[in-house]
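Note sheet for the following structure.
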Amino acid sequence: MQKKESALKPNSTTLKAFFLLLIIVGVIVGVYYFSASFPTPTKFSVNFGDYPPPSERLPDDFSQFIDLSGFIYSFDATSDGKQIAVATSTDLIVYDLQTLNILHSQPLSLRDAQIAFSPQGDQLALSGFSQPKDDAKIHVFILDTSSWKTVYAYDAKAYKGENALAWSLGGKKIAFPDAGGLSVADVATGDIVNRLNGFDVSSFGVSWSPDGKRIAAVDDANDSIRRWNLSRNQWVRLWDPQMLTASEIRWSPDGGKIASGHYGGAICIWNSRNNACEGKIQAHHGWIGSLGWSPDGKELASAASAIRIWDASNGELKSAFGFHEGINYRELEWANANTLITLENQYLNYAPTPIIRVWDISLKKETLAFRGWVMNESADNTGLNFTLENVQTVKDKTLITVSLNFDSPDLALANDWTLRAFATDESKEYELTDVTPPDMDSKIRRVYQTENLAKGAEFNFIVASSNGEELILVQDFSKNPPSFGFDLSALKVGGTKKAEWEISPIVYGWRIYLLDVRKPNDRELIFTFSQDAFFVGAELSNSAITKRSQTLNDDGTFSVSLTFAEATKDRIELSIEKLYFRTSPPFIYFRVAP
């Protein structure tokens, strides 16, 4: 019996094991509590103001440039850095970066085109909008780079100008924006396999994790960064209160870090395991146009008004170059250990000249550059857009293709138009002959012929009315016409009634006001509107109207005269069918390649 009692008592070894287990559990709970309750401390925070700005300036020797036809939208290099593809407003061109031979060229009719080689280089993805404009659909294509045949095509809804393409590391999937969200397509099957909503606009910054399981994207609805796990279809937001909205995102080659560039010029380096911003760099004055990791993931390049390279572990500035007033870099790609490729907007005469430069990092010097047209599109605040589609020299003449398009399908030019071309100093007007083919809609698209334009010549293409008067646009409201009523009981023949009534449609920020109504006789009413130096006419509708006319008055108003089948005595209901308004003649600055 004594032995049995002693056998039930715990010995010292058991007690020690028990207390050791409690200690281990306590440590685990404590670590979890403190890591969950308090943010991970920032490992470094640096400000570029501690360093002098780079002194290198870009050369003005344009003989170093390869001139391209069209306005440059984007570029991409193969992962081995041997080839570069360039998307312009007229062509897709692929170059061998060693020999500069053209490996492939084909016409391209996409606006705001983006391109991306697959990681293996066997396919090239393109996305963009139809040219001329369509109904805000983004078109996505994938070409086989051996045959250059289309192997995938998809149309998605998107917002104008917001456009991104990102391949998974294995090249089996591709992500692209889709009207306030992201879509992921299986390239082999063509199926959309993942979809994520909740973005302010279609994201223009998308990056895959190296393992292909997650995506990071900017333009999240909460001004943060969305990190999305595709396999579980779950997401989290990366957000730091010290950072402005993110403009760019890049996952590091080893997957351990995510770099984000922000408006205001800051860079945040996130730990992808705990989603904490562990490194902060005030890298530039302006917004970050692009980021690029070095192939070994140890350094990070940023592009804004200059190119700067940072040590990703401590934020130390390693190199800076490419600074020049009037330049903004909007794309950057780290092609190999010693080569960066950038796309910039160089602002000359207030017009952007996109230029692609290939940089030797060790020399801080460009080794090659591509230059496209200065500009190819002009838009004003009235909804009229003027596009230069092509300039082609054939023997002793030059053919110029231009088009007009509008922000709304209910908007059009009210008068006929033509194209004029002046030297930038207006010392010469080029004679243009309309040679538009009969099968082309000349209301919106035309071809003009002129003399063989001299190399280096600079001039402006200007849209003008055919009769020499100002350009007038018309907004058609017939699908949903705004209406208003007017009481005529107190209005006698020969009398005028003040109105001061604001009519509901607002056209591009402008309002129209009814000032007064006159009654010259029993069957006629004259409505006077304030045109605010913008509106010049209107068409009013009523089933009893037999005649109508418009008059532009000298006092900054316009009048609409309506004649009715019978005498007007009581209340009258009218609707606005059309509004006419002035627009500034759009122009495009053009420089012939030297």
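Per the working numbering, the very first residue in the sequence shown carries number 10; after that it's consecutive. Where a beta carbon is used, it is the ideal one built from N, C-alpha and C, also for glycine.
Cβ neighbour criterion (16 or more within 10 Å) applied to residue i
i	result
Ala-226	buried
Ile-336	buried
Glu-334	exposed
Ala-576	exposed
Val-34	Any answer about Val-34 is weak, because its pLDDT of 47 lies below 50 and its placement is not dependable; what the coordinates show is given next. Exposed: under 16 other Cβ atoms inside 10 Å.
Lys-182	buried
Ala-310	buried
Ile-201	exposed
Ser-629	This structure gives no information on residue 629, because the portion of the chain shown stretches from 10 to 603.
Met-384	buried
Asn-323	exposed
Val-40	The pLDDT assigned to Val-40 is 39, lower than 50, so where the model puts this residue is not dependable; a value taken from the coordinates is nonetheless given after this. When all chains shown are included, Val-40 counts as exposed.
Glu-582	exposed
Ser-46	Low confidence applies to Ser-46: its pLDDT is 35, below 50, so where it sits in the model is not reliable, and the reading given next is rough at best. Ser-46 is exposed by the Cβ-count criterion.
Val-400	buried
Ser-498	exposed
Leu-174	buried
Lys-12	Any reading at Lys-12 must be qualified, since the residue scores a pLDDT of 39, below 50, and its modelled position is unreliable; the value itself is stated next. The residue is exposed, with fewer than 16 neighbouring Cβ atoms inside 10 Å.
Met-604	Summary: the structure shown does not reach residue 604, with the chain confined to residues 10 through 603, and so no result is reported for it.
His-148	buried
Leu-428	buried
Three-state secondary structure (DSSP) of residue i
i	result
Phe-486	coil
Gln-73	helix
Phe-57	helix
Ala-226	strand
Arg-429	strand
Gly-179	coil
Pro-186	strand
Phe-208	strand
Arg-339	strand
Ala-458	Here residue 458 turns out to be Gln, not Ala, going by the sequence shown. Here Gln-458 sits in strand by DSSP.
Ser-550	strand
Asn-354	strand
Asn-110	coil
Ser-44	Note that Ser-44 scores 36 on pLDDT, short of 50, meaning its location in the model is unreliable; the coordinates nonetheless yield the value given after this. The answer is helix: DSSP assigns Ser-44 an H, G or I state.
Cβ-Cβ separation, residue j to residue i (assumed contact under 8 Å), whole Å
i	j	result
Thr-505	Arg-532	Rounded, the Cβ-Cβ distance is 17 Å, inconsistent with contact.
Arg-580	Phe-495	7 Å
Ser-233	Leu-247	6 Å
Ala-602	Lys-464	7 Å
Tyr-439	Glu-467	Going by Cβ atoms, the distance from Tyr-439 to Glu-467 rounds to 12 Å, so no, they are not a contact pair.
Gly-288	Leu-341	Wrong, their Cβ atoms sit about 19 Å apart, outside the cutoff.
Ala-313	Gly-265	The pair is not a contact, with the Cβ atoms about 25 Å apart (cut-off 8 Å).
Ala-125	Trp-157	In fact, because the Cβ distance is near 16 Å, the residues do not count as touching under 8 Å.
Arg-259	Ala-292	Contact flag wrong, Cβ pair sits at about 13 Å.
Gly-90	Asn-469	That pair is no contact at about 39 Å.
Residue interval of the beta strand (DSSP E) (run including residue i)
i	result
Leu-309	308 to 312
Asp-405	Careful: Asp-405 lies outside any beta strand (DSSP E) and carries neither H nor E.
Val-569	566 to 573
Leu-133	132 to 139
Glu-375	374 to 380
Pro-6	Lying before the first or after the last residue shown, residue 6 is absent from the chain, which here runs from 10 to 603.
Trp-519	519 to 530
Val-444	Where Val-444 is concerned, there is no enclosing beta strand (DSSP E), given that its DSSP letter is neither H nor E.
Ala-94	92 to 97
Closer than 8 Å to chain C by CB, residue i
i	result
Leu-152	As a matter of chain content, chain C is missing from the structure shown, which is built from one protein chain.
Alpha-carbon spacing of residue i relative to residue j, whole angstroms
i	j	result
Thr-560	Phe-538	10 Å
Ser-552	Ser-192	50 Å
Pro-361	Ser-98	14 Å
Lys-222	Leu-77	38 Å
Trp-319	Ser-328	7 Å
Asp-153	Gly-381	26 Å
Glu-375	Asp-485	52 Å
Trp-244	Asp-100	38 Å
Ser-593	Asp-389	7 Å
Phe-43	Ala-285	Its pLDDT being 37, under 50, Phe-43 is placed unreliably in this model, and the coordinates cannot settle the point.
Asn-424	Ala-473	10 Å
Ile-267	Arg-235	12 Å
Gly-199	Val-160	9 Å
Phe-544	Tyr-163	41 Å
Ser-299	Ile-365	14 Å
Gly-207	Thr-351	31 Å
Gly-137	Asn-562	45 Å
Trp-279	Ser-387	40 Å
Ile-481	Ile-151	42 Å
Ser-584	Pro-490	6 Å
Ile-597	Lys-507	45 Å
Contact test: residue i Cβ vs the ligand ZN heavy atom, cutoff 7 Å
i	result
Ile-316	The ligand ZN is absent from the structure shown, which contains no ligand whatsoever.
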